[in-house]
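Note sheet for the following structure.
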Amino acid sequence: MLPTTSALSATMPDDCCICLNALAPGSPLLTLSCNHKFHLQCLALNLKAQHQQCPLCRVNIDTSVIQMLTSANTNTVPLQQQNLMHQYGADPLENNQHDRSILSSIDVSDKLDDFLPR
Numbered sequence: 027m028l029p030t031t032s033a034l035s036a037t038m039p040d041d042c043c044i045c046l047n048a049l050a051p052g053s054p055l056l057t058l059s060c061n062h063k064f065h066l067q068c069l070a071l072n073l074k075a076q077h078q079q080c081p082l083c084r085v086n087i088d089t090s091v092i093q094m095l096t097s098a099n100t101n102t103v104p105l106q107q108q109n110l111m112h113q114y115g116a117d118p119l120e121n122n123q124h125d126r127s128i129l130s131s132i133d134v135s136d137k138l139d140d141f142l143p144r
């Protein structure tokens, strides 16, 4: 069983360090073994991008957490994650394709010249 929680405590950090949005009361969170908390969807997308360490302290994320969050087949996803996905409103990995299409449509190459030394 993964240590998932909902944001309720006043002692928690105010923001998810991945998306920089607030850890709002009731939002599904995942607590890593290092005790850092992230939005479930943010951590899933971070793992999907092959970042297998805590974004804050770089401790390796447990293999069981990686396998659960990167599972593409919801039929093999544990019931606890299915409940969290239902609570969150969708599969946390579902929006990844949409995110990629947005990022691929942004052309920053011409803007880089403004920041590169000459």
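Heads up, our numbering is the position in the sequence shown plus 26, with the first residue counted as 1.
Glycine included, each C-beta is placed from N, C-alpha and C at the ideal position.
Quick caveat, the model's predicted, so the values are computed rather than measured.
So what does DSSP say about residue i, is it helix, strand or coil?
i: leucine 73; result: helix
i: glutamine 79; result: strand
i: leucine 95; result: helix
i: leucine 66; result: helix
Who pairs with residue i in a beta bridge, going by DSSP?
i: alanine 48; result: Asp41
For residue i and residue j, what's the separation of their Cα atoms in angstroms?
i: glutamine 78; j: arginine 84; result: 8 angstroms
i: asparagine 99; j: aspartate 40; result: With a pLDDT of only 42 at asparagine 99, under 50, the local geometry of the prediction cannot be trusted, and the value read off the model is given with reservation. Distance between the alpha carbons of asparagine 99 and aspartate 40: 32 angstroms.
i: glutamine 93; j: serine 59; result: 15 angstroms
i: leucine 82; j: cysteine 43; result: 8 angstroms
i: glutamine 76; j: threonine 57; result: 19 angstroms
i: serine 97; j: isoleucine 87; result: 15 angstroms
i: phenylalanine 64; j: threonine 89; result: 17 angstroms
i: valine 91; j: asparagine 47; result: 22 angstroms
i: proline 51; j: cysteine 68; result: 16 angstroms
Would residue i pass as a contact of residue j if the rule is Cβ separation under 8 angstroms?
i: leucine 73; j: leucine 49; result: no
i: cysteine 80; j: histidine 62; result: yes
i: leucine 55; j: leucine 71; result: no
Would you say the beta carbon of residue i comes nearer than 7 angstroms to a heavy atom of the ligand NAD?
i: phenylalanine 64; result: The model depicted lacks the ligand NAD and carries no ligand whatsoever.
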